Structures are given as C-alpha cells and as structure tokens.
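There are 2 protein chains.
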Amino acid sequence: MTDRIKEFLACNKEDGPRLVVDLEVVRENYLGFAKALPDTRVFYAVKANPAPEILDLLARLGSCFDAASVTEIEQAMAAGATPERISYGNTIKKEKDIARAYELGVRLFAVDCEAEAEKVARAAPGSKVFCRILCACAGAEWPLSRKFGCAPELAAKVLERAHALGLVAHGLSFHVGSQQPNPRVWDGALKASAAVFRELAERGIQLAMINLGGGFPARYLKPVPGVKTYGQTIFRALRKHFGNRIPETIIEPGRGLVGNAGVIEAEVVLVSRKSDDDPRRWVYLDIGKFNGLAETMDEMIRYPIRTDRDDEAMSPCVVAGPTCDSVDVLYEREPYLLPVSLEIGAKVLIEGTGAYTATYSSVGFNGFPPLKSYVI
Amino acid sequence: MTDRIKEFLACNKEDGPRLVVDLEVVRENYLGFAKALPDTRVFYAVKANPAPEILDLLARLGSCFDAASVTEIEQAMAAGATPERISYGNTIKKEKDIARAYELGVRLFAVDCEAEAEKVARAAPGSKVFCRILCACAGAEWPLSRKFGCAPELAAKVLERAHALGLVAHGLSFHVGSQQPNPRVWDGALKASAAVFRELAERGIQLAMINLGGGFPARYLKPVPGVKTYGQTIFRALRKHFGNRIPETIIEPGRGLVGNAGVIEAEVVLVSRKSDDDPRRWVYLDIGKFNGLAETMDEMIRYPIRTDRDDEAMSPCVVAGPTCDSVDVLYEREPYLLPVSLEIGAKVLIEGTGAYTATYSSVGFNGFPPLKSYVI
Chain G
74 MTDRIKEFLA
84 CNKEDGPRLV
94 VDLEVVRENY
104 LGFAKALPDT
114 RVFYAVKANP
124 APEILDLLAR
134 LGSCFDAASV
144 TEIEQAMAAG
154 ATPERISYGN
164 TIKKEKDIAR
174 AYELGVRLFA
184 VDCEAEAEKV
194 ARAAPGSKVF
204 CRILCACAGA
214 EWPLSRKFGC
224 APELAAKVLE
234 RAHALGLVAH
244 GLSFHVGSQQ
254 PNPRVWDGAL
264 KASAAVFREL
274 AERGIQLAMI
284 NLGGGFPARY
294 LKPVPGVKTY
304 GQTIFRALRK
314 HFGNRIPETI
324 IEPGRGLVGN
334 AGVIEAEVVL
344 VSRKSDDDPR
354 RWVYLDIGKF
364 NGLAETMDEM
374 IRYPIRTDRD
384 DEAMSPCVVA
394 GPTCDSVDVL
404 YEREPYLLPV
414 SLEIGAKVLI
424 EGTGAYTATY
434 SSVGFNGFPP
444 LKSYVI
Chain F
74 MTDRIKEFLA
84 CNKEDGPRLV
94 VDLEVVRENY
104 LGFAKALPDT
114 RVFYAVKANP
124 APEILDLLAR
134 LGSCFDAASV
144 TEIEQAMAAG
154 ATPERISYGN
164 TIKKEKDIAR
174 AYELGVRLFA
184 VDCEAEAEKV
194 ARAAPGSKVF
204 CRILCACAGA
214 EWPLSRKFGC
224 APELAAKVLE
234 RAHALGLVAH
244 GLSFHVGSQQ
254 PNPRVWDGAL
264 KASAAVFREL
274 AERGIQLAMI
284 NLGGGFPARY
294 LKPVPGVKTY
304 GQTIFRALRK
314 HFGNRIPETI
324 IEPGRGLVGN
334 AGVIEAEVVL
344 VSRKSDDDPR
354 RWVYLDIGKF
364 NGLAETMDEM
374 IRYPIRTDRD
384 DEAMSPCVVA
394 GPTCDSVDVL
404 YEREPYLLPV
414 SLEIGAKVLI
424 EGTGAYTATY
434 SSVGFNGFPP
444 LKSYVI
C-alpha cells in the first residue's frame with residue numbers, strides 16, 4: 074500500500090470494487106530487476122497487466138515485452154515498443170497469428186514441438202525461435218503443470234528441425250512456476266539447458282540465448298526473498314553450468330513487476346452465519362473469482378486483506394464473492410482472520426493485486442461488470 | 074447439435090471460437106418444463122445465458138426470471154418481463170441494489186440471514202422474502218458448497234424476523250446442486266422445508282411458496298433422466314411432506330433450459346507430445362477456461378467434443394486452452410479420447426455449451442477476446 078494509492082482512494086470515492094496501480098512501484102520494480110540482473114534483458118509478461126500506462130512506462134524505461142497473442146503485440150507496439158523488443162512467447166499459436174506478428178516485424182518466437190516450429194518456418198521465415206523445456210517447479214504457489222514445454226531431449230530435436238527449416242535456433246526457455254519462492258530452483262533447469270546447448274553444439278548448432286522465464290514472486294502474505302537474491306543465485310547457477318561462456322539471458326517477469334503495485338478496494342456486502350452455533354462467519358465481498366480474484370482458485374494466492382480495524386480482535390471467516398455461483402468462494406479451506414467488528418458496508422483493501430486481476434475479470438457474469446482499473 | 078446450428082455454421086464461416094444457440098431448443102425445453110411441472114412457475118436463471126434473444130423468447134412464452142443483480146433485472150425487463158415476474162434471487166445484495174430493484178418494481182427477494190432481511194425491510198418495505206436453506210446436494214456435478222442458505226432452524230428465525238420488520242414471509246428456497254442427476258434428492262429438502270412451514274404456522278406465520286431451485290441437468294456426455302421424471306418425483310415428494318396443502322412452487326432452471334441449446338465451434342491450434350515416448354497427445358484448442366469453458370474447472374463439466382473423424386481410431390489426449398496460463402487445461406486427470414488423425418486447423422464442436430459459457434469469458438485475458446455468441 075503506498076501513500077499515492079491511499080490519497081487516490083481518499084480523493085476519489087466510488088462505489089464498486091476497483092483496482093488502483095501505482096506506477097512508481099512498477100518503476101522501482103523494473104529498476105530493481107535491471108540492477109539485480111544487469112546482463113539480462115527484461116521482457117515484461119504483458120498478460121499480467123496490459124494497462125496502457127504500465128506498458129508506456131516500461132517501454133520508456135527500456136523494457137522488452139513478452140506477448141501471448143497478436144493483441145498483446147499490438148498493445149506493446151502502441152506503447153512505443155519496437156518489434157525487435159517483442160517476443161511472441163506463447164507456444165500455442167495459430168499460423169495466421171504468427172504471420173500477422175511477422176508482418177508487424179516480430180522475429181522472436183517460442184516453440185515446444187516440431188509442428189509449431191514448422192508453422193513459424195512457414196509464416197515467419199528466418200525468425201529466431203527458442204524452445205521451451207519442461208522443468209521441475211516444486212514450491213511455486215501457482216505451479217505450471219506440463220502444459221508448456223517438452224522434455225529437454227526433444228528440445229534438441231525441435232531446434233535441429235527449426236534450423237533445418239531455415240529458422241535461427243536461438244535458445245531455450247523454461248519457467249520455474251509463478252510466484253516461486255525458491256531461487257535455487259533455477260539451478261536444475263539451467264543444468265538441463267546446458268546439456269541441450271552442448272548436444273546441439275556437437276551437431277554444429279550454436280544456441281545463444283536462455284530465457285529464464287518468470288516466477289519472481291510478489292509479496293502477498295508470506296515474506297519472499299528479494300530480487301537481488303534471485304539475481305545472485307541465478308548468476309551462480311549460470312556460472313556453474315556454462316562456465317565462462319554464459320549465454321545471453323532474458324527474463325519474463327509479470328507478477329514480479331506489477332503484483333505489489335496494485336491494491337483493490339472492495340466492500341463488505343454481507344456478514345452472516347449459517348446456523349446459531351456456526352463458529353465461522355461468512356464475509357461476502359463485492360469482488361470474487363469472476364470479477365478479478367480468479368487466482369484464489371484452489372486458494373492458491375492468499376492476498377493480504379486490510380481493514381480499518383485490524384488492531385481489534387479477529388476471528389476466522391470464510392471469504393466469498395458476490396455472485397450466485399457456489400464456486401465463488403475465496404478462502405474456506407483455510408479460513409481468513411478478520412476483525413470481529415467488521416460490518417456490512419465496510420471497505421477493505423486487497424493488496425498485491427496488480428497482476429492477473431483486471432483482465433481475468435469476466436465480461437459480466439451474473440450481471441456484475443468487469444473490475445475497474447486506475448493506473449496512477 | 075441441431076440442423077439449424079449445422080446450417081448456420083456451414084453458411085457463416087468465421088475464424089475464432091464461437092457459440093451458437095438454437096432458440097428452438099430453448100423453446101422446447103421451456104415447454105417441457107411447463108408440461109412436466111404444470112403447477113410450477115418457471116423462473117429462468119438469467120445468469121446461465123443473458124443473451125437478449127433468449128430473454129425475449131422466454132418472456133414471450135410467459136417465463137418468469139431469477140436475477141442475480143440489478144443488471145440482470147434490467148435485462149429481463151428490457152426483454153418485456155414485468156417486475157412481478159422477476160425474483161431477485163441473490164442472497165448477497167448491496168442495500169443500494171435492493172433499493173434500485175424496488176424502484177424498478179421488484180417485490181420478491183431471497184435472503185438467508187437476518188442482516189439481509191433487515192436490508193430488504195429498509196430498502197424494499199413490504200416486499201415478499203423467501204429464505205434459502207442449506208440442503209444436501211450429493212451427486213451434483215457442480216455442487217453448491219455452503220455459500221448460500223442457512224440451517225433450516227435458523228430459517229424459521231430469519232423469516233420470523235422478516236415478518237416482524239413488515240415484510241411478507243413468503244416461503245423457502247433451496248438448491249440441490251447444479252447438474253443434479255438424481256431427482257430423489259429433492260425429497261430431503263422438501264422434508265426440511267415442511268418442518269419450517271409447520272414451525273412458523275405454530276407462530277402464526279403462514280408460508281405460501283417453495284422455490285425448488287435449479288439443478289435440472291443438461292445432457293453432456295452421460296445420459297440424465299428426462300424432465301418428466303423430475304416433475305413426477307418432485308410432485309410425489311411434495312405430496313408426501315405437505316399432504317393436501319401443497320404450497321405454490323417455483324423452479325429456477327438455467328442450464329436445464331439453455332445448456333443443450335448451444336454448441337461452440339472451436340479450432341485445433343496445436344497437437345503435440347511432451348517427449349518421444351509420451352503416450353498421450355496434447356491437443357490445444359482456441360478456447361479454454363478463460364474464454365468460455367470455465368466450467369471445466371476441476372474437470373467438473375465434461376462436454377462432448379465432436380470432430381469430423383469420430384468414426385476413426387481414437388487415442389487419449391490432454392485437452393488444453395490457448396492462453397499462456399498453465400491452469401488453462403480442460404481435461405488432463407481423465408484424458409479425452411480424440412481421433413488419432415485429428416490435425417492442426419481442424420474444427421471441433423463442443424456440445425451442451427449454451428449455459429455458463431459466454432458471460433464467464435474474461436474481458437481479454439492474454440489478449441484473447443471474449444467468446445462470440447450467436448443466437449438463431
């Protein structure tokens with residue numbers, strides 16, 4: 074919570090939940106990454122929050138952009154990013170979208186299988202591709218499943234095929250899991266990457282780049298290591314596995330750049346109990362899974378919720394959203410401590426909500442509008 | 074899948090996923106409910122699909138409407154529903170929204186605690202309220218948790234309080250769980266309801282109405298009993314627990330009215346394997362959890378997916394959406410059988426998608442637009 078956001082909320086009273094993002098925090102975060110990883114280019118993961126003001130600021134600061142779709146490429150370019158500062162980082166692309174990106178000047182594409190490399194070769198001839206590999210992401214609060222990436226052995230084949238098709242086999246990427254609290258997890262992925270580098274070098278293909286992915290955490294309720302610790306730990310792992318021939322590196326922070334820059338102001342709509350002897354209160358807010366807090370899915374992200382009465386006695390609550398949908402419950406398995414005196418109509422502040430909130434909103438489920446967003 | 078939808082898709086080729094809803098099916102479903110439960114008024118759960126054409130048709134057919142928000146009340150009224158045909162069925166309402174609904178003429182409100190009854194008494198004086206009770210919803214494919222409703226014992230208190238505040242203590246509601254395959258589940262809820270009716274009668278308050286909720290299933294992959302079976306089973310339970318004094322009843326079908334009326338046409342964006350010996354293919358579609366198929370959450374709703382090659386050899390696939398979000402996987406725990414020859418660029422039809430798809434779409438997560446919707 075920053076003084077600027079406090080002042081904005083105080084001066085602009087309004088009904089309905091709203092997100093306020095403080096650009097000063099985004100700026101500090103960007104400079105923090107630049108300082109902690111001085112030889113690494115930052116590609117902001119646009120999907121985390123594509124608000125034009127955020128993209129404008131980052132473009133001015135010299136950031137590059139990781140785009141998930143043609144729309145995101147266009148958003149980054151509208152903010153002033155030139156196409157060589159944009160990576161089309163989604164491994165799942167329609168060929169017509171690859172063609173459109175190529176037309177816009179984009180020359181860097183993610184792949185994780187031969188079929189995708191073939192699409193890129195046809196629709197964006199001569200471009201650079203990097204292959205995403207699967208890696209263990211133990212410990213991440215938003216683990217990444219096996220949806221993206223292939224086994225490292227297959228990656229060598231995919232890049233060899235890309236090379237044969239006239240593409241530039243540029244490098245590898247991996248992702249250790251979003252909101253990853255353990256910087257040592259990068260070590261295993263870099264070890265596997267170095268093996269692919271060696272294997273391809275033996276076949277005459279020199280890879281040049283490693284995309285270290287995202288995963289840099291925002292601080293929610295639990296403390297997380299600082300970005301400096303991540304930088305040092307990752308650099309040590311690079312040294313260990315690549316010796317004196319450390320490749321070009323890029324990172325793709327999203328949450329780590331904007332997560333802690335945003336605060337949602339919401340309102341308590343109802344406080345009730347299910348029976349006279351119910352030990353837990355139910356606290357219903359005017360925001361839930363369908364208008365901004367989708368990342369509470371399976372109670373994965375636990376946001377700090379602040380009230381005016383946090384110095385008073387607390388008791389366990391189930392926290393739920395406003396829709397007529399029973400899955401729209403934020404915290405139930407592990408109840409949330411909120412002030413006993415919390416009343417209907419009270420405002421609460423949900424911190425750390427700068428990333429993965431506004432654009433996750435549904436278009437109008439239950440007739441509730443998408444989350445309003447202000448960038449200051 | 075209907076001939077009308079087939080023809081529409083054939084005559085209107087288009088890129089990108091799209092939902093097509095056949096109004097003839099909605100009409101048949103409505104008439105089916107009216108016939109199976111002739112003494113029960115139908116309140117369409119607007120949240121299932123608020124497309125104006127659907128609301129217009131149902132308004133013309135004489136349907137009433139269950140609204141989750143002021144926006145949905147306004148949508149129903151725009152379709153021609155008079156306010157006495159609208160129930161504000163969300164138990165979680167801001168007082169200003171209750172006041173707005175009252176101003177629009179709505180006089181029927183759901184509550185599940187004293188605090189909500191107090192809001193209604195202040196903002197919508199003299200209105201009818203019904204209290205939602207918790208009930209077992211074992212077997213439902215989309216179970217309802219404890220978010221809505223209170224213990225039946227507490228319901229009697231809530232309604233007594235409403236009565237004391239000058240409201241009309243009108244009745245009870247419950248919900249046996251969405252996509253409920255077992256019509257006998259209503260029996261237990263009606264038994265508990267009858268007990269509340271008796272208890273309040275002893276205190277001089279005559280309840281008049283039971284809202285039997287929704288839960289009527291759409292047919293996805295597994296067969297479900299017909300609506301006639303539901304009507305007969307529920308009527309028998311009403312007889313059993315209320316004898317000759319059966320109260321006024323209403324139902325709130327959403328999925329049951331529009332679920333099977335819709336088909337989504339989507340495209341295969343990528344087919345791949347994670348390693349050379351991966352036994353399962355990954356099939357990525359241009360639709361996923363964030364642009365229409367949110368109900369695949371935890372693999373709860375299993376939609377029929379049809380291809381042009383369903384008579385060929387099949388093999389197990391993981392089915393995933395197009396976004397750069399690792400949770401955007403539709404079916405993985407229980408892989409989906411799809412044709413071995415299924416190729417990138419092929420169109421697939423996802424059936425039973427008329428309810429809880431279009432309005433669940435995110436506003437633009439990853440830059441992907443919300444699901445397009447056509448009602449024919």
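Same order as they appear, the protein sequences are chains G and F. So in this note's numbering, spot 206 of the first sequence is number 279, and the numbers just go up one at a time. So in this note's numbering, spot 96 of the second sequence is number 169, and the numbers just go up one at a time. Note that CB positions come from ideal geometry on N, CA and C, so glycine has one too. Note that this is a predicted model, so its numbers are computed, not measured.
First and last residue of the uninterrupted alpha helix (DSSP H) at residue i
i       : result
P408(G) : Premise fails: P408(G) lies in the beta strand (DSSP E), V402 to P412, not in any alpha helix (DSSP H).
E189(G) : E187 to A196
I171(G) : E168 to E176
Y447(G) : Y447(G) -> not in any alpha helix (DSSP H); beta strand (DSSP E) instead, spanning K445 to V448.
E126(G) : P125 to L134
Y303(G) : V300 to F315
G329(F) : R328 to V331
C-beta neighbour in chain F for residue i, strict 8 Å
i       : result
R454(G) : Lying outside 74 to 449, the shown extent of chain G, residue 454(G) is not represented and no answer is given.
E338(G) : no
C208(G) : no
Y161(G) : no
G440(G) : yes
K167(G) : yes
V344(G) : yes
D349(G) : yes
C223(G) : yes
K445(G) : no
E233(G) : no
K201(G) : no
K220(G) : yes
E145(G) : yes
A188(G) : yes
Identified DSSP bridge partners for residue i
i       : result
K230(G) : None; K230(G) has no bridge partner.
A118(G) : D139(G)
I278(F) : None, per the DSSP bridge assignment.
N85(F)  : According to DSSP, N85(F) bridges with nothing at all.
N163(G) : In DSSP, N163(G) forms no bridge with anything.
Beta carbon proximity, residue i to chain G, threshold 8 Å
i       : result
Y357(F) : yes
S142(F) : yes
I417(F) : yes
S246(F) : no
M74(F)  : no
E226(F) : yes
A196(F) : no
E87(F)  : no
Near the ligand PLP: residue i beta-carbon under 7 Å from a heavy atom
i       : result
T432(F) : The ligand PLP is absent from the structure shown, which contains no ligand whatsoever.
Cβ of residue i within 8 Å of any chain A Cβ
i       : result
D185(F) : Checking the listed chains, one finds no chain A in this structure; the protein chains it contains are G and F.
Boundaries of the beta strand (DSSP E) in which residue i is found, first to last residue
i       : result
F203(G) : K201 to R205
V99(G)  : No beta strand (DSSP E) contains V99(G), which is instead part of the alpha helix (DSSP H) from L96 to A109.
K420(G) : K420 to E424
Y357(F) : R354 to L358
A428(F) : No beta strand (DSSP E) contains A428(F), which DSSP labels as neither H nor E.
T322(G) : E321 to I324
Could you list the residues in the stretch 110-133 of chain G with a C-beta less than 9 Å from some C-beta on chain F, going in chain order? Within the stretch 110-133 of chain G, the residues whose Cβ lies closer than 9 Å to some Cβ of chain F are A118, V119, K120 and P123, listed in chain order.
Can you list, in chain order, the residues of the stretch 385-411 of chain G whose Cβ is nearer than 9 Å to any Cβ on chain F? Taking 9 Å as the Cβ-Cβ cut-off against chain F, the residues of the stretch 385-411 of chain G that qualify are V391, A393, G394, P395, T396, C397, D398, S399, V400, D401, V402 and E405.
Mind checking the stretch 427-438 of chain G against chain F and listing, in chain order, the residues whose C-beta falls within less than 9 Å of any C-beta there? Cβ contacts with chain F: Y429, A431, T432, Y433, S434, S435, V436, G437 and F438.
Is there contact here, the stretch 313-323 of chain G with the stretch 258-271 of chain G, by at least three beta-carbon pairs under 8 Å? Flag = yes, the stretch 313-323 of chain G and the stretch 258-271 of chain G touch.
State whether the stretch 414-424 of chain F contacts the stretch 423-441 of chain G, with contact taken as three or more CB pairs (one from each stretch) at a distance under 8 Å. Fewer than three pairs of CB atoms, one per stretch, sit closer than 8 Å, so the stretch 414-424 of chain F makes no contact with the stretch 423-441 of chain G.
May I ask you to verify whether the stretch 327-347 of chain F touches the stretch 106-126 of chain F, counting CB pairs closer than 8 Å and requiring at least 3? Counting Cβ pairs under 8 Å, three or more are found: they touch.
If we count Cβ pairs, one from each stretch, closer than 8 Å, do we get three or more for the stretch 133-143 of chain G versus the stretch 341-360 of chain G? Under the three-pair Cβ rule at 8 Å, the stretch 133-143 of chain G does not count as touching the stretch 341-360 of chain G.
If you measure beta-carbon to beta-carbon, which residues of the stretch 294-305 of chain F are closer than 9 Å to chain G? Listed by position along the chain: nothing, the set is empty.
Given 8 Å as the limit, is there contact between the stretch 403-412 of chain F and the stretch 436-447 of chain F, that is, 3 or more CB pairs closer than that? The stretch 403-412 of chain F is not in contact with the stretch 436-447 of chain F.
With 8 Å as the C-beta to C-beta threshold (strictly closer), list the residues of the stretch 370-382 of chain F near chain G in chain order. Of all residues in the stretch 370-382 of chain F, M370 have a Cβ within less than 8 Å of some Cβ in chain G.
Just checking, does the stretch 222-240 of chain F make contact with the stretch 294-304 of chain F on the three C-beta pairs under 8 Å criterion? Counting Cβ pairs under 8 Å, fewer than three are found: no touch.
For the stretch 236-244 of chain F against the stretch 200-208 of chain F, are there 3 or more C-beta pairs whose distance is under 8 Å? Three or more beta-carbon pairs drawn from the stretch 236-244 of chain F and the stretch 200-208 of chain F are found closer than 8 Å, and the two stretches are therefore classed as touching.
Which of the residues in the stretch 265-277 of chain G, read from start to end, lie with their CB under 7 Å from any CB of chain F? Of all residues in the stretch 265-277 of chain G, none is placed with a Cβ closer than 7 Å to any Cβ belonging to chain F.
Whether or not the stretch 175-192 of chain F and the stretch 160-167 of chain F are in contact is what I'm after, with contact meaning three or more pairs of Cβ atoms, one per stretch, closer than 8 Å; do they touch? Output reads yes: the stretch 175-192 of chain F touches the stretch 160-167 of chain F.
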